[in-house]
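Right, one structure below, let's go through it.
Residue numbers (this note's numbering): 511 to 608.
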């Protein structure tokens, strides 16, 4: 049985693009949560660094994450976000220690 895969991503918007990224990420989170392989998808914004967003995602398997990476809504978001980001997103697939 495949084990769940957890992913944490940090996305930092340019100061003038915070609202654009916030809205886009909220839409992306809503669409991603509907995917059959998604267990949970949460979007957060840093209180200490507004404009820095974190997603905490749980996928049923690596295959489910791979399928997510090919979805039209993610591809659209990646294409639209580029000019609005302060830096490349930091994406961390995680495994349990111990």
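Where is the CB? At the ideal position from N, CA and C, for every residue including glycine. Here the structure is a predicted model, which is why all the values come from computation and not from measurement.
- Residue 549 and residue 528 have their C-alpha atoms some 27 Å from each other.
- Residue 606 sits in coil when the DSSP states are folded into three classes, being neither helix nor strand.
- Residue 572 and residue 580 have their C-alpha atoms some 13 Å from each other.
- Between the beta-carbon of residue 516 and that of residue 596 there is about 25 Å, and that puts the pair past the 8 Å contact cut.
- In this structure residue 601 is exposed. Its beta-carbon is surrounded by fewer than 16 other beta-carbon atoms within 10 angstroms.
- Residue range 582–591 is occupied by the alpha helix (DSSP H) that includes residue 586.
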